[in-house]
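Presented below is the structure to which this report refers.
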Amino acid sequence: YDIIKAGNINDTYVINTRAEDGIKQYIVQRVNTTVFKNPNQIVSNAELVTSHIEKKLKEKGDPDVKRKVMHIYKNKDGNSFYISENGDNWRVLSFVFNSVNYNQVNNIILKSTGEAFGSFQRLLSDFPAEMLYTTIPDFHNTEKRFEALYMAAEKDSCGRKQEVQNELEYLKSKEGYASKFRKLHDNNEMPLRVTHNDTKCNNVMFDKDTGAPLAVIDLDTVMPGFVAHDFGDAVRFAANTAEEDEEDITKVSLDLNMYESFACGFIPQVSDMISKTELDNLPDGVLIITLELASRFLTDYLNGDVYFKCKKPKHNLIRARCQIALAKDIEKKLSEMQSRLDSFVTIVK
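See the structure below:
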């Protein structure tokens, strides 16, 4: 077997088995039940979503359905999990053969990543999101993230509030963004859709020979959400010119060409199925998700570094400052981001 080191939540292995027709490979995972308190819900969501995608691909006559849809195997008792003697939850998933995924990306790979996540949205556009469990409540509830930050600052349990006054003031000044999508949803202008909620490049499998995107993987965080969050998180992660914990914030900015590459793949897939309000808010999604992450890092720093793993002193503060620097740069570029996005909508139409 081989250990897959990508992914921070579950323990993942590729298992090689000998069969009459050669070697067969499977993905075996131990699910982190600290994060996913009800593993049956994540399986239910994944099965509903993958069966819908499979049906749509078969209707289109896609010849490569087997590699484009993740399959969850059941044991002899008909269960999707095997629970070991020490209480661990194990599952077996299909392996996408002759495929590769990437941690480091260029413009070409990023465009294909955008295409993959846009296609994911498109294939699920007629799936009722309310049928899915919310596996992590308030995952992208930016207002609640801000409230948690203010509570941590008020408590100041580690005496760190004094050194983060500038960061607190900046984030407080962006409160309007934190509530923006919720207000649009309350006014029936932004619907809940099926969202992936972890739109990193390494969650897309590509054909090893052609480089074409095959499948979106890691469906544990699939649940109802806003398309702008998925778009925003992908861009925030891939188009940052620096690492997430860069200490020299002068190196931190949004690479507009990388942003454009992702949008170039994503927009043609979704432009005729999402509303104008959703399209117009995709750039804000990049800013909002960045502010949300900054608030989470700063909250954890104020609380004594209890959630995110830290590899050096003040690691969470460094991360928070990095995300704030990125947010400031994104805000300056919002109008340019919108005009580049609009150009793809025009091309499509």
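First residue of the sequence shown: 97, per our numbering; consecutive thereafter.
Glycine included, every Cβ here is placed at the ideal spot set by N, Cα and C.
| Asked | Found |
| --- | --- |
| N-terminal and C-terminal residue of the alpha helix (DSSP H) that L387 is part of | L378 to L398 |
| Cβ-based neighbour list, V441, same chain, cut-off 7 Å, excluding 5 preceding and 5 following | I363, S367 and L375 |
| Cut-off 8 Å between Cβ atoms - residues of its own chain near K154, not counting five sequence neighbours on either side | V161 |
| C-alpha distance - V260 paired with A423, whole-angstrom precision | 17 Å |
| Coarse secondary structure for T238, derived from DSSP in three states | helix |
| Alpha carbon of I232 to alpha carbon of S275, nearest angstrom | 19 Å |
| Entirely enclosed alpha helix (DSSP H) segments - the segment 220-304, minimum 4 residues | 238-251, 261-268 and 271-282 |
| Runs of alpha helix (DSSP H) lying entirely within the segment 186-220, each at least 4 residues, in chain order | 203-219 |
| Contact the segment 217-229 vs the segment 133-151: 3+ CB pairs below 8 Å | yes |
| Whole-angstrom distance between A390 and K151, CA atom to CA atom | 39 Å |
| Backbone CA spacing between L267 and L387 [nearest angstrom] | 7 Å |
| Residue burial classification, V192 (beta-carbon count within 10 angstroms, cutoff 16) | buried |
| K134 versus Q217, N185, K172 and Y246, residue with shortest Cα-Cα distance | The question names Lys, but residue 134 is Asn in the sequence shown. Among Q217, N185, K172 and Y246, the Cα nearest to that of N134 belongs to N185. |
| I111, DSSP secondary structure in three states | strand |
| D234 versus G400 - alpha carbon distance | 22 Å |
| Three-state secondary structure (DSSP) of P135 | helix |
| Contact between the segment 290-303 and the segment 313-333 (3+ Cβ pairs under 8 Å) | yes |
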